[in-house]
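Asker:
Protein chains in written order, with the working numbering: chain A, 1 to 257; chain B, 1001 to 1282.
#1: Looking at residue 1125 (chain B): is its Cβ nearer than 8 Å to the Cβ of residue 1155 (chain B)?
#2: Does the contact criterion of 3 or more C-beta pairs under 8 Å hold for the region 1128 to 1135 of chain B versus the region 1083 to 1097 of chain B?
#3: Please go through the region 1222 to 1271 of chain B and give each complete alpha helix (DSSP H) segment of 4 or more residues, from N-terminal end onward.
#4: Please tell me whether residue 237 (chain A) has its Cβ less than 8 Å away from any Cβ of chain B.
#5: What number of angstroms, rounded off, separates the C-alpha of residue 226 (chain A) from the C-alpha of residue 214 (chain A)?
#6: Would residue 1147 (chain B) be called buried (16 or more neighbouring beta carbons within 10 Å of its own) or exposed?
#7: What whole-angstrom Cβ distance do residue 1222 (chain B) and residue 1201 (chain B) have, given they're in contact under 8 Å?
#8: Residue 100 (chain A) lies in the alpha helix (DSSP H); which residues open and close that run?
#9: Whole angstroms is fine: what's the gap from residue 1047 (chain B)'s alpha carbon to residue 1099 (chain B)'s?
#10: Which residues bound the alpha helix (DSSP H) around residue 1160 (chain B)?
#11: Below 8 Å between beta carbons: does that hold for residue 1056 (chain B) and residue 1080 (chain B)?
#12: For residue 1206 (chain B) and residue 1175 (chain B), which I take to be in contact (beta-carbon distance under 8 Å), what is that distance rounded to the nearest angstrom?
#13: Run through DSSP, which three-state label would residue 226 (chain A) get?
#14: Is it the case that the region 1227 to 1238 of chain B contacts the region 1018 to 1029 of chain B, given that we only count it when at least three CB pairs across the two stretches are under 8 Å?
#15: Give a yes or no on whether 8 Å exceeds the smallest Cβ distance from residue 1062 (chain B) to chain A.
#16: How about residue 28 (chain A) and residue 38 (chain A): are their beta carbons less than 8 Å apart?
#17: What does DSSP give as the partner residue(s) for residue 114 (chain A) in the beta ladder?
#18: Below 9 Å on C-beta distance, what does residue 1202 (chain B) contact in chain A?
#19: Quick check on the DSSP output: what are the complete beta strand (DSSP E) runs of length 3 or more inside the region 1006 to 1092 of chain B, in order along the chain?
#20: According to DSSP, residue 24 (chain A) sits in a beta bridge with which residue or residues?
#21: Alpha carbon to alpha carbon, how far is residue 192 (chain A) from residue 202 (chain A)?
#22: Give the DSSP-derived three-state secondary structure of residue 1214 (chain B) in the structure shown.
#23: Just by C-beta distance, which residues in the region 73 to 99 of chain A are closer than 9 Å to chain B?
#24: To which residues of the same chain is residue 1109 (chain B) closer than 6 Å at the C-beta, ignoring the five residues directly before and after it?
#25: Taking the alpha-carbon positions, what's the residue 1118 (chain B) to residue 209 (chain A) distance?
#26: Tell me whether residue 1166 (chain B) is buried or exposed, calling it buried when 16 or more other Cβ atoms sit within 10 Å of its Cβ.
#27: Going by C-alpha to C-alpha distance, which of B:1012, B:1003, B:1144 and B:1105 sits closest to residue 1153 (chain B)?
#28: Going by DSSP in three states, residue 1001 (chain B) sits in which element: helix, strand or coil?
#29: Below 7 Å CB to CB, which residues in the same chain sit around residue 1033 (chain B) once its five sequence neighbours on both sides are set aside?
#30: For residue 258 (chain A), count the other beta carbons within 10 Å of its own beta carbon; 16 or more makes it buried, fewer makes it exposed. Which is it?
#31: Run through chain B and tell me which residues come within less than 7 Å of residue 66 (chain A), C-beta to C-beta.
#32: Could you compute how far the alpha carbon of residue 256 (chain A) sits from the alpha carbon of residue 1019 (chain B)?
#33: Between the Cα of residue 1203 (chain B) and the Cα atoms of B:1049, B:1168 and B:1181, which residue gives the shortest distance?
#34: Using the beta-carbon count (16 or more within 10 Å), is residue 1265 (chain B) buried or exposed?
#35: Would you verify that the beta carbon of residue 1171 (chain B) is, or is not, closer than 8 Å to some beta carbon of chain A?
#36: For residue 1179 (chain B), would you say it is in contact with chain A, using Cβ-to-Cβ distances shorter than 8 Å as the test?
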């Protein structure tokens, strides 16, 4: 078996969750790598949409920003940003939204705004961007984040985007009809919401990771599903496609591959 | 009718202390040269508006031009934080900075409402999100037909919009191509506008009858500044200078390094310096 890093495992596990007929709203960074890996492996016809207005984009290299020229040049069409948010996102045409953030809680609520008090923050983060409406308008949400006590927290400093609120039917009570966060992929495991309470629980552990590590890297009393699987390790094909994508990207951005 | 002007004249006449200024550009076509001219002319007390403030707004904030920022995502894309923005928010340097923070959907809708002459934008948004608790400009309305509760924000009506575009003709008609962002909406929503372009040509030659064109009579001033979007980019002309976006991070982390960079590269330079980035003419 080939050696691989926990970041590669995370990206590949996230890519596997996407289907060929998905229409996916892609965030920059880890989600972008996962979505394009899916397109380059098992989901060649997936529609990737970036909030800069590019629809059906097929970049050769990963963009550094949400609006790199590569996205526009390889897109089926590029629309204005108001149209993107009104017709395409709010219009309910996106099946999967990918989100990350600085903090996430047990119900998949995410903070990407501030650490500490909003008016007098310890750390001012970039902010939510499209996340508040991505979280409520896409059919479902996948989250990709490295797992650690400072990011998987018991209580968020600020709720930038809605997950399952306080659990149970919180979304319904707020008039939100979409499914919300349905999977969190980390460098250690995969979590899914418990069907009733909507609290995220571990359903699959990546090869080499342990329950103790996961408990140690989670700021709440993390639960494990009755049946916990071991994540399938990356295949040679998946690893080669991901590494080739990363090498092309590094070369294009003027770095050593 | 738009007037063809120099950048110095256009900023001197159209951008005033205390103005609400929108310098738009969604990664693509960011009006760096024009923003630098605003810094050189030392405008003060500005409210700057932009969905995705990046390095240019970091520079305006760090140079003390700004009292308030209206935004939805403020970072160095793919790199990290804007350190001058953070320093202003966390440590009030060089002065306190007021924030009005929205989501992208809210700002995009608010620009469109501004262009449409409406007082507010209505959309399905902010459900379960804390921004509505800290921004008093986020309210809600009830649909009179269905009873659905919807989010409402005031429309964006800048005093002046500043954008960069691919080209203009000698009458001042402007063509925007590629990732068009919210630039058309920003110009139509604003009282005054400055459009810098890569080149001014005899025939605008829009490639399609549906091309994104701002007619001359919707624009106050057109200025030819080749390379004027660098380190942002112009589709088909020059690529985004991703290496510069990465190099900015250590410069902006340190107040003295930042001030020295601004002195050398902005205060002691003019818009002609951008021509070096313009690439081959098509």
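Where is the CB? At the ideal position from N, CA and C, for every residue including glycine.
Answerer: From the atom records:
#1: no
#2: no
#3: Complete alpha helix (DSSP H) runs here, min 4: 1242 to 1253 and 1255 to 1262.
#4: no
#5: 16 Å
#6: exposed
#7: The Cβ separation is near 12 Å, so there is no contact.
#8: No alpha helix (DSSP H) contains residue 100 (chain A), which DSSP labels as neither H nor E.
#9: Whole-angstrom Cα-Cα distance: 10 Å.
#10: Counting along the chain, residue 1160 (chain B) falls outside any alpha helix (DSSP H), though it belongs to the beta strand (DSSP E) covering 1160 to 1169.
#11: Going by C-beta atoms, residue 1056 (chain B) is not nearer than 8 Å to residue 1080 (chain B).
#12: 6 Å
#13: Note: residue 226 (chain A) maps to strand in three-state DSSP.
#14: yes
#15: Answer no: the Cβ-Cβ gap between residue 1062 (chain B) and chain A never drops below 8 Å.
#16: Judged by their CB atoms, residue 28 (chain A) and residue 38 (chain A) are not nearer to each other than the 8 Å cut-off.
#17: Paired residues: A:124.
#18: Residues of chain A passing the Cβ test: none, with the nearest at roughly 27 Å.
#19: 1020 to 1023, 1046 to 1050 and 1066 to 1071
#20: A:48 and A:96
#21: Near 7 Å, if we compare the C-alpha coordinates of residue 202 (chain A) and residue 192 (chain A).
#22: Collapsing the DSSP output to three states places residue 1214 (chain B) in a strand.
#23: Per Cβ criterion, the list reads 73, 78, 79, 80, 81, 82, 83, 84, 85, 86, 89 and 90.
#24: 1121 and 1123
#25: 55 Å
#26: buried
#27: B:1105
#28: coil
#29: Closer than 7 Å at Cβ, skipping near neighbours: 1007, 1196, 1225, 1228, 1271 and 1274.
#30: This structure leaves residue 258 (chain A) out entirely; chain A is present only between 1 and 257.
#31: 1027 and 1077
#32: For residue 256 (chain A), the predicted model reports a pLDDT of 38, less than 50, meaning its position is unreliable and no value from the coordinates is stated.
#33: B:1168
#34: exposed
#35: no
#36: yes
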